[in-house]
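Below is one structure, written out as structure tokens, with a few remarks after it.
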Amino acid sequence: MDDVADLQPGSDQLTSIGYSGYLHRPASSRVAYWDWTDPTMIEDLLLVIATEALPRLRAIDSLPAFWAVYTDGTDRKVPQWPETRLIFHIALGDLVAARALHETLEPELRENRYPDVPWVQKRRRMVLSVAEPLLAGDRAARANILHGWEADNIRGTKIAPYWEPTPFPLEDASA
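Below, the structure written as structure tokens:
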């Protein structure tokens, strides 16, 4: 590959599947990278979807399985979003990890240093809404908050009529 080809519009070195690695073109492909102007790319993409992407996605059959994919070998996204890790730890019932993360996030978020930054405010509301039930050990309140967020994300979508809430691992009596 030459540097010019790497920079041309329509070319992409990799196609990501979430944070669980990348989908490369097959070794038999005449072009090593995804080039959306290459007519053979579509056939290669369908092959890679069938042989790599779908098996990975089908294996995600639970929240713990999703967490394993989300955290599989990447150091980019998971560390950058500690509030996401906090919520996952709560949902998975790992209260030791959740409380440790909360302890690091709480001082910054209580201060409200960035009141005019919408994404910071969303992050702040998310963490502060679970803080009291997390610290109080109130499993039912934590589950209620998570189920509310889950319902909010489903409401108004095409899958809403088929969706049924399922318990989070935190709702298991041993969590």
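At position 77 of the sequence shown (counting the first as 1) the number is 122 in my numbering, and the numbers step up by one without a gap.
Glycine included, C-beta positions come from ideal geometry on N, C-alpha and C.
From a predicted model like this one, the values you see are computed outputs, not experimental measurements.
Mark residue i as exposed unless 16 or more other C-beta atoms lie within 10 angstroms of its C-beta, in which case mark it buried.
i: residue 204; result: exposed
i: residue 79; result: buried
i: residue 59; result: Caution applies to residue 59, whose pLDDT of 46 falls short of 50 and renders its modelled position unreliable; the model cannot decide the point.
i: residue 112; result: buried
i: residue 179; result: buried
i: residue 77; result: exposed
i: residue 213; result: buried
i: residue 103; result: exposed
i: residue 71; result: exposed
i: residue 168; result: buried
i: residue 188; result: buried
i: residue 120; result: Confidence at residue 120 is low in this model, with a pLDDT of 49, below 50, so its placement is unreliable and the value that follows should be read with caution. Looking at its Cβ environment, which holds fewer than 16 other Cβ atoms inside 10 Å, residue 120 is exposed.
In the DSSP assignment, find the unbroken alpha helix (DSSP H) run with residue i in it and report its ends.
i: residue 158; result: Run containing residue 158: none; DSSP gives neither H nor E here.
i: residue 115; result: 108-115
i: residue 133; result: 127-137
i: residue 192; result: 184-199
i: residue 87; result: 86-93
i: residue 99; result: 99-103
Smallest Cα separation from residue i: which of the options?
i: residue 150; options: 175, 163, 189, 136; result: 175
i: residue 126; options: 186, 146, 92; result: 146
i: residue 182; options: 103, 156, 215; result: 215
i: residue 190; options: 166, 208, 156, 133; result: 133
i: residue 184; options: 211, 116, 152, 138; result: 138
i: residue 177; options: 140, 106, 208; result: 140
I'd like to know whether the C-beta atoms of residue i and residue j end up nearer to each other than 8 Å.
i: residue 136; j: residue 92; result: no
i: residue 143; j: residue 154; result: no
i: residue 128; j: residue 172; result: yes
i: residue 73; j: residue 85; result: no
i: residue 196; j: residue 210; result: yes
i: residue 68; j: residue 88; result: no
Cβ contact (3+ pairs, closer than 8 Å) linking the segment 194-212 and the segment 149-163: no
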